[in-house]
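K.L.:
If you read the sequence shown in the numbering used here, its first letter stands for residue 187, the second for the next number, and so on.
All C-beta atoms, glycine included, are put in the ideal place defined by N, C-alpha and C.
Let me give you the structure first, and then I'll get to my questions.
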Amino acid sequence: MKILGTGSAVPARVVTNDDFAAVMDTSDEWIYTRTGIRSRHVADAETAATLAIAASRRAIDAAGIGVADIGLVICATVTHEYATPSLACILQRDLGLCEEVLAFDVNGACSGFIYALGVAQALLQTPVAQGKFALLVGSEHLTRVTDFNDRSTCVLFGDGAGAVVAEASDAPFHFVSGARGDSDVLSIGASAPLPLPFEHEERINIPNVALHMDGQAVFKFAVEVMVKSIKQVLANAGKTAEQIEHFVCHQANKRIIDNAAQRLGVPIERFIMNIETHGNTSAASIPLALDELNASGELKRGDSVVLAGFGGGLTYGAIYMEW
């Protein structure tokens, strides 16, 4: 699979660490030293859908194709405003894609975009999307499920979207993934159930919709699986970490990426990091960073790229590809 174009979109509002310090017991130093975050984009009127649409249009324009050429749309999100219709179906309508397009969402949390790429690569080889292009999107409105009374987590998250257009290709592409089911370490509750007419008592155990995270457990998991999955995908590709020009990893915490770079024996300069200005944007994180790298001009055709993610589920995965 080959990526032809990238795009991204973020909300206009920027919330700094000092903005948080003005309303709760925290500080810029406390947040930055522990996470590497100084600011993040927070949606006002924007939604996961409007951000996804804007990012998609930019990716389609960059790829130089028409919307009629898209035969597959996969959206990675956990914060779309609807359980149904899917975000992918909203994109089909608002981008004016053909009705015959295969459109669906994936829920891999922060690994979602990695999962979307892996599934798309397989589908592009089948008659379902043969001869067509794939639109792959990661879009999140995380602040709509953030508990702003929890100072340990609310400072971490931001909103945004990233998108790519891809086509089937003989270029090297290797995908590895994994899951370790756990609802205690990192979770977002479902909406509260509606009452049944024949019940006389209120339902109990109504789930908490707000995001919950055990930060220490996530950190330990992230370092373990990110290094593990990168090593595995490189072995499958017959490559070493030293041969990779660019690492684009989920932007959850600067210390996680620093730790991974150290364990892999790779200079940190090969790892793109935009967490300082975006925070953790879950499934949007990797495509946002990829678009930033692409726009910088540092990403050249033929470069070796590794993408790696980890997140709620728990899920993880990595991809080796050549640009």
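Take residue 276 and list the residues in its own chain whose beta-carbon comes closer than 6 Å to its own, dropping the five residues that flank it on each side.
P.N.:
By one-based count along the sequence shown, residue 276 stands at place 90. Excluding positions up to five away in sequence, the list reads 235.
K.L.:
Hey, quick one: how far does the alpha helix (DSSP H) through residue 413 stretch, first residue to last?
P.N.:
Start at 1 with the first residue of the sequence shown, and residue 413 comes out as number 227. Residues 401 to 423.
K.L.:
Alpha carbons only, please: which of 425, 503 and 206 is nearest the one belonging to residue 228?
P.N.:
Along the sequence shown, read from residue 1 onward, the residue named residue 228 stands at position 42. Closest option to residue 228, Cα to Cα, is 206.
K.L.:
State the DSSP-derived secondary structure class of residue 541, mapped to helix, strand or coil.
P.N.:
This structure leaves residue 541 out entirely; the chain is present only between 187 and 509.
K.L.:
Pick out whichever of 284, 187, 453 and 291 has its Cα sitting closest to the Cα of residue 268.
P.N.:
Locating residue 268 in the sequence shown gives position 82, counting from the first residue. Nearest of 284, 187, 453 and 291 to residue 268, Cα basis: 291.
K.L.:
Would DSSP call residue 345 helix, strand or coil?
P.N.:
Here the question's residue 345 lines up with position 159 in the sequence shown. Of the three classes helix, strand and coil, the one that applies to residue 345 here is strand, per DSSP.
K.L.:
Could you pull out every residue in the same chain whose Cβ sits closer than 7 Å to the Cβ of residue 404, ignoring the five residues on either side in sequence?
P.N.:
Numbered from its first residue, the sequence shown carries residue 404 at position 218. 371 and 372, listed in sequence order.
K.L.:
Please confirm whether residue 310 and residue 302 have their CB atoms less than 9 Å apart.
P.N.:
Residue mapping note: residue 310 aligns to position 124 of the sequence shown, counting from 1. Residue mapping note: residue 302 aligns to position 116 of the sequence shown, counting from 1. Contact: no.
K.L.:
Which residue or residues does DSSP assign as beta-bridge partners of residue 321?
P.N.:
Walking along the sequence shown from the start, residue 321 turns up at place 135. Bridge partners of residue 321: 259 and 351.
K.L.:
For residue 314, tell me which candidate among 278, 334 and 289 has the shortest Cα-Cα distance.
P.N.:
The residue labelled residue 314 in the question sits at position 128 within the sequence shown. Of the listed residues, the one whose Cα sits closest to residue 314 is 289.
K.L.:
Distance, Cα to Cα, residue 395 vs residue 376?
P.N.:
As a position in the sequence shown, residue 395 is number 209, starting the count at 1. As a position in the sequence shown, residue 376 is number 190, starting the count at 1. In a straight line, the C-alpha of residue 395 is about 6 Å away from that of residue 376.
K.L.:
From this set, 281, 354 and 244, which residue's C-alpha is nearest residue 508's C-alpha?
P.N.:
Numbered from its first residue, the sequence shown carries residue 508 at position 322. Distances from the CA of residue 508 to each of 281, 354 and 244 were compared; the closest alpha carbon is that of 354.
K.L.:
Residue 439: which of 213, 198 and 224 sits nearest, CA to CA?
P.N.:
Taking the sequence shown and counting its residues from 1, the one referred to as residue 439 is at position 253. The residue with the shortest Cα to Cα distance from residue 439 is 224.
K.L.:
According to DSSP, is residue 229 helix, strand or coil?
P.N.:
For the purposes of this step, residue 229 is taken as the residue at position 43 of the sequence shown. Coil.
K.L.:
Using the rule of at least 16 other Cβ atoms within 10 Å of the residue's Cβ for burial, across every protein chain shown, is residue 421 buried or exposed?
P.N.:
Taking the first residue of the sequence shown as 1, we reach residue 421 at position 235. Flag for residue 421 reads exposed.
K.L.:
For residue 429, which residues of its own chain have a beta-carbon under 7 Å away from its beta-carbon, when the five flanking residues on both sides are left out?
P.N.:
Within the sequence shown, numbered from 1, the residue matching residue 429 stands at position 243. Cβ neighbours of residue 429 beyond the five flanking positions: 490.
K.L.:
Thinking residue 260 and residue 274 are a contact (beta carbons under 8 Å), I'd like their distance in whole angstroms, please.
P.N.:
For the purposes of this step, residue 260 is identified with residue 74 of the sequence shown, where counting begins at 1. For the purposes of this step, residue 274 is identified with residue 88 of the sequence shown, where counting begins at 1. About 6 Å; that satisfies the 8 Å criterion.
K.L.:
Can you look up residue 528 in the DSSP assignment and give me helix, strand or coil?
P.N.:
No answer is possible for residue 528: the residues shown for the chain start at 187 and end at 509.
K.L.:
At which residues does the alpha helix (DSSP H) containing residue 468 begin and terminate?
P.N.:
Stepping through the sequence shown from its first residue, residue 468 is reached at position 282. Taken as a continuous stretch (DSSP letters only), residue 468 belongs to no alpha helix (DSSP H), as it is neither H nor E.
K.L.:
Determine the DSSP secondary structure at residue 284, reduced to helix, strand or coil.
P.N.:
Working through the sequence shown from its first residue, we reach residue 284 at position 98. Correct three-state label for residue 284: coil.
K.L.:
Taking residue 444 as part of the alpha helix (DSSP H), name the residues at either end of that continuous run.
P.N.:
Taking the first residue of the sequence shown as 1, we reach residue 444 at position 258. Where residue 444 is concerned, the enclosing alpha helix (DSSP H) stretches over 440 to 450.
K.L.:
In terms of residue numbering, what span does the beta strand (DSSP E) encompassing residue 214 cover?
P.N.:
Walking along the sequence shown from the start, residue 214 turns up at place 28. For residue 214, no beta strand (DSSP E) encloses it; the enclosing alpha helix (DSSP H) starts and ends at 214 to 221.
K.L.:
Figure out for me which residue from 324, 304, 337 and 452 has the closest Cα to the Cα of residue 210.
P.N.:
The residue labelled residue 210 in the question sits at position 24 within the sequence shown. Of the listed residues, the one whose Cα sits closest to residue 210 is 337.
K.L.:
Three Cβ pairs or more, each shorter than 8 Å: is that satisfied between the segment 192 to 208 and the segment 235 to 246?
P.N.:
yes
K.L.:
Kindly identify the DSSP beta-bridge partner or partners of residue 237.
P.N.:
Locating residue 237 in the sequence shown gives position 51, counting from the first residue. Beta-bridge pairing links residue 237 to no other residue.
K.L.:
Going straight from the alpha carbon of residue 347 to that of residue 463, what length do you get?
P.N.:
Residue 347 sits at position 161 when you count from the first residue of the sequence shown. Residue 463 sits at position 277 when you count from the first residue of the sequence shown. Cα-Cα distance, rounded: 14 Å.
K.L.:
For the beta strand (DSSP E) that contains residue 328, what are its first and last residues?
P.N.:
Reading the sequence shown from its first residue, position 142 is the one you call residue 328. Premise fails: residue 328 is in no beta strand (DSSP E) and is neither H nor E.
K.L.:
Between which two residues does the alpha helix (DSSP H) harbouring residue 457 extend?
P.N.:
By one-based count along the sequence shown, residue 457 stands at place 271. Counted as a single uninterrupted DSSP element, the stretch harbouring residue 457 is not any alpha helix (DSSP H), since DSSP gives it neither H nor E.
K.L.:
Can you round the beta-carbon distance between residue 365 and residue 451 to whole angstroms, since I take them to be within the 8 Å contact cut?
P.N.:
Numbered from 1 along the sequence shown, position 179 holds the residue referred to as residue 365. Numbered from 1 along the sequence shown, position 265 holds the residue referred to as residue 451. Not quite, the Cβ-Cβ distance comes to about 28 Å (not below 8 Å), so this is no contact.
K.L.:
Relative to the C-alpha of residue 493, which candidate in 308, 504 and 219 has its C-alpha closest?
P.N.:
For this step, residue 493 is matched to residue 307 along the sequence shown. With distances taken between Cα atoms, residue 493 lies closest to 504.
K.L.:
By the DSSP assignment, the alpha helix (DSSP H) with residue 337 in it spans what residues?
P.N.:
By one-based count along the sequence shown, residue 337 stands at place 151. It spans 337 to 340 - the alpha helix (DSSP H) in which residue 337 sits, taken as one unbroken run.
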